[in-house]
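Enquirer: Just so you know, we're using our numbering here: the sequence shown kicks off at 6 and counts up by one.
We treat Cβ as the ideally placed atom computed from N, Cα and C, and that holds for glycine.
From a predicted model like this one, the values you see are computed outputs, not experimental measurements.
Take a look at this one; I'll ask things after.
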Amino acid sequence: MKKFLPYYRHLLEVKWHFLIGVFAGLVYAAASGAGLPLMTKVVFPVLFNEGGGESEWYLDWLASRLGALSRDELLIYTCLWIPGVFLVRALAGYANAYFIQHVGMRVVESIRTDLFVKLQGLPLAFFRRNKSGDLLARLMNDTQMLQGVIAQASSDLIKQPATLLFALGAVGVLAYHDTAVSSSPSSRC
Numbered sequence: 006m007k008k009f010l011p012y013y014r015h016l017l018e019v020k021w022h023f024l025i026g027v028f029a030g031l032v033y034a035a036a037s038g039a040g041l042p043l044m045t046k047v048v049f050p051v052l053f054n055e056g057g058g059e060s061e062w063y064l065d066w067l068a069s070r071l072g073a074l075s076r077d078e079l080l081i082y083t084c085l086w087i088p089g090v091f092l093v094r095a096l097a098g099y100a101n102a103y104f105i106q107h108v109g110m111r112v113v114e115s116i117r118t119d120l121f122v123k124l125q126g127l128p129l130a131f132f133r134r135n136k137s138g139d140l141l142a143r144l145m146n147d148t149q150m151l152q153g154v155i156a157q158a159s160s161d162l163i164k165q166p167a168t169l170l171f172a173l174g175a176v177g178v179l180a181y182h183d184t185a186v187s188s189s190p191s192s193r194c
């Protein structure tokens, strides 16, 4: 871990972009992991006219916000949830990819600048021993691969585990709710 500490200063230059990218990744994870499972338990029963306790809070919330709704208005507002969740997911995924790519480019640019300064300070004997084409190829290709790793790994490192945690949380909440509903005294015969 200590070998990565010198590169931390490169990340500090773009820390706000990195934090925005992380936040967008968490929003993406929440929309994917929790938004889709909760939508199937709350929105689909309303759309397919399957009465149930899962969607009662949603109906109460809509009634408190918009007043009495006809069945058609209820269906329109409920149908808007589906593209809404996917829109939030898409915008957050785009923002995450954009900001993490930006951070990757800026970090690699900073590393390339440091390498160029280092190369300028090397003695002439170093350049006699090594071909300038090889040095240039290593300088460009290695940092380009580093940029790809930074951007892809950072994005996946944020989104994938957070999606799993949000999905487990949503499934846990739904399971707890189903258990509480099935064990309540009013549901027993």
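Assign residue 233 to one of two classes, buried (16 or more other C-beta atoms within 10 Å of its C-beta) or exposed (fewer than that).
Expert: No answer is possible for residue 233: it lies beyond the span of the chain, which begins at 6 and ends at 194.
Enquirer: Which complete alpha helix (DSSP H) runs does the region 17-41 hold, if anything under 4 residues is left out?
Expert: Fully enclosed alpha helix (DSSP H) runs of 4 or longer: 20-35.
Enquirer: Can you give me the start and stop residues for the alpha helix (DSSP H) that residue 53 sits inside?
Expert: Per DSSP, residue 53 belongs to no alpha helix (DSSP H) and is neither H nor E.
Enquirer: Just list the alpha helix (DSSP H) runs in the region 124-153, keeping only unbroken ones of 4 residues or longer that don't cross its boundaries, in chain order.
Expert: Counting only runs of 4 or more, we get 129-134.
Enquirer: Go ahead and label residue 173 buried or exposed: buried means 16 or more other beta carbons lie within 10 angstroms of its beta carbon, across all protein chains shown.
Expert: Exposed, because fewer than 16 other Cβ atoms sit within 10 Å of the Cβ of residue 173.
Enquirer: To which residues of the same chain is residue 25 closer than 6 Å at the C-beta, ignoring the five residues directly before and after it?
Expert: So the list reads 104, once near-sequence residues are dropped.
Enquirer: I need the DSSP call for residue 75, collapsed to helix, strand or coil.
Expert: Note: residue 75 maps to coil in three-state DSSP.
Enquirer: Cα separation between residue 158 and residue 150?
Expert: Cα to Cα, the separation comes out at about 12 Å.
Enquirer: Using only CA atoms, which one of 133, 121, 168 and 164 lies nearest to residue 145?
Expert: Cα-wise, what sits closest to residue 145 is 121.
Enquirer: Candidates 7, 34, 10 and 8: which alpha carbon is nearest residue 164's?
Expert: The shortest Cα separation from residue 164 among 7, 34, 10 and 8 belongs to 34.
Enquirer: Given a threshold of 16 other Cβ atoms within 10 Å of its Cβ, counted over all protein chains shown, does residue 196 qualify as buried or as exposed?
Expert: Outside the shown range of the chain (6 to 194) lies residue 196, about which nothing can therefore be said.
Enquirer: Go ahead and label residue 171 buried or exposed: buried means 16 or more other beta carbons lie within 10 angstroms of its beta carbon, across all protein chains shown.
Expert: So residue 171 counts as buried.
Enquirer: For residue 42 and residue 61, what's the separation of their Cα atoms in angstroms?
Expert: Those two C-alpha atoms are separated by around 16 Å.
Enquirer: Check each candidate in 91, 8, 111 and 65 and name the one with the smallest Cα separation from residue 153.
Expert: For the residues 91, 8, 111 and 65, the minimum Cα distance to residue 153 belongs to 111.
Enquirer: Quick one: is residue 184 buried, meaning 16 or more other Cβ sit within 10 Å of its Cβ, or exposed?
Expert: Its Cβ having fewer than 16 others within 10 Å, residue 184 is exposed.
Enquirer: Compare the beta carbon distance of residue 32 and residue 90 with 9 Å and say whether it is the shorter of the two.
Expert: It is not a contact, given that the beta carbons lie outside the stated cut-off.
Enquirer: When burial is assigned at 16 or more other CB atoms within 10 Å of the CB, is residue 177 buried or exposed?
Expert: By the 10 Å Cβ count, residue 177 comes out exposed.
Enquirer: So is residue 21 buried or exposed if we call it buried at 16+ other beta carbons inside 10 Å?
Expert: It counts as exposed.
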